[in-house]
Amino acid sequence: MLVVLVVVALYLGNIVKKAGDALDTSSTVDNVTVPAAESVKKKAVGIVLLGMDTRPKGGTMNTDVMMVAVFNPNTKTATVVSMPRDTLIELDGYKERKANSYYANFYNQAIEEKGLSKDAAKEDARQAMSRMMSKYYGIDIKYTGIINFQGFVDVVDALHGIKADVDINMRYVDTADGTNINLKKGVQTLNGQQTLDFVRYRKSNDGSNMSSDFDRNQRESQVLSLITDKMKSLNGVTKLGDVIEAVGKNFSIDMPSNEMQNMLKTYFGISSSDITLIQLEGTWKSPYVYLDESKLDEARAALQAKMAE
Numbered sequence: 002m003l004v005v006l007v008v009v010a011l012y013l014g015n016i017v018k019k020a021g022d023a024l025d026t027s028s029t030v031d032n033v034t035v036p037a038a039e040s041v042k043k044k045a046v047g048i049v050l051l052g053m054d055t056r057p058k059g060g061t062m063n064t065d066v067m068m069v070a071v072f073n074p075n076t077k078t079a080t081v082v083s084m085p086r087d088t089l090i091e092l093d094g095y096k097e098r099k100a101n102s103y104y105a106n107f108y109n110q111a112i113e114e115k116g117l118s119k120d121a122a123k124e125d126a127r128q129a130m131s132r133m134m135s136k137y138y139g140i141d142i143k144y145t146g147i148i149n150f151q152g153f154v155d156v157v158d159a160l161h162g163i164k165a166d167v168d169i170n171m172r173y174v175d176t177a178d179g180t181n182i183n184l185k186k187g188v189q190t191l192n193g194q195q196t197l198d199f200v201r202y203r204k205s206n207d208g209s210n211m212s213s214d215f216d217r218n219q220r221e222s223q224v225l226s227l228i229t230d231k232m233k234s235l236n237g238v239t240k241l242g243d244v245i246e247a248v249g250k251n252f253s254i255d256m257p258s259n260e261m262q263n264m265l266k267t268y269f270g271i272s273s274s275d276i277t278l279i280q281l282e283g284t285w286k287s288p289y290v291y292l293d294e295s296k297l298d299e300a301r302a303a304l305q306a307k308m309a310e
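Per my numbering, the very first residue in the sequence shown carries number 2; after that it's consecutive.
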């Protein structure tokens, strides 16, 4: 028994060290002390979550994954709203454009109009995203987190794959950026790259088996739930160190590292049943998705309610 306790203690100590190192790497701001009453340990927090393709070939600053999440420490629960990438954003004070182009636009403005360095421009763009999404959803959003697609791949690989239900046959090849999607319909264990292919798939090379933004959002939600539940399992816990390292290398957020540690401690063990996933719905009319206003209002109300719990 003593030997087991020593092994567990050493393992947990290693996890804590890995977590500290990863969080220091992921935080893009100085480690300031947040007042106790305002800390994520005590107060609900709103976060913009963006997924970005940063591959040397074919990568852009457009955000293929766009979510807004509210975490509430009182109930240890969260509400996450996923927005189709081609959504037309109509908001006072902002030029109408596709949702996935705003971060890149804010970044370019910061460089060209404000004369900021690239690193400073990224921080400026994060803050602009938080402000815009705060206004759009009617909640206080403090932080914007960005994960590149390699991070997505590495996290799933660290968990030794996830068992997903692939809804259609998927085959698409693009030699320009190295894309090679080849998945068959059915329940199967996907590795990291296959999971990314599953989420990103749009259509085959001949235009058949097309997927809409709404289909991709459903896949995002399925994968998020699968990852969350696997991390909570015994197998997932034993791989936690590898997951933390994968996140640390590929995720960045303008949250102080000590607050990130508080997030990890507060929501450690959260399961998919604790997370309400809302996919915004609408109508596709090229080149935009026009959201259903009643569904958007419901999503806003859900985020606001989670803030107030």
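Ideal placement from N, C-alpha and C gives every residue a C-beta, glycine not left out.
How many Å lie between Phe153 and Asp93 at the Cα? 34 Å
From Thr80 to Asp243, what distance separates their C-alpha atoms? 26 Å
Using DSSP with H/G/I as helix, E/B as strand and the rest coil, what is Gly249? helix
Tell whether a beta-carbon distance below 8 Å holds between Lys233 and Gly193. no
Can you find a heavy atom of the ligand ZN that lies under 7 Å from the Cβ of Met211? In the structure on display, the ligand ZN does not appear, and there are no ligands present to speak of.
For Ile165, does the count of other Cβ atoms within 10 angstroms reach 16, so buried, or fall short, so exposed? Per the sequence shown, the amino acid found at residue 165 is Ala instead of Ile. Ala165 comes out buried.
Check the C-beta distance from Ala121 over to Met308 and give it rounded, since I have them as a contact under 8 Å. Contact doesn't hold; Cβ gap of about 30 Å is too wide.
Label Ala302 either buried or exposed according to how many other C-beta atoms from any shown protein chain fall within 10 Å of its C-beta, with 16 as the threshold for buried. exposed
Could you work out which residue in Asp216, Ala126 and Pro257 is closest to Met84 when comparing CA atoms only? Asp216
For Gln280: DSSP bridge partner residues: Ser83
Distance, Lys240 Cα to Val156 Cα: 10 Å
What does the Cβ neighbour count give for Val69, buried or exposed, with the cut at 16 atoms within 10 Å? buried
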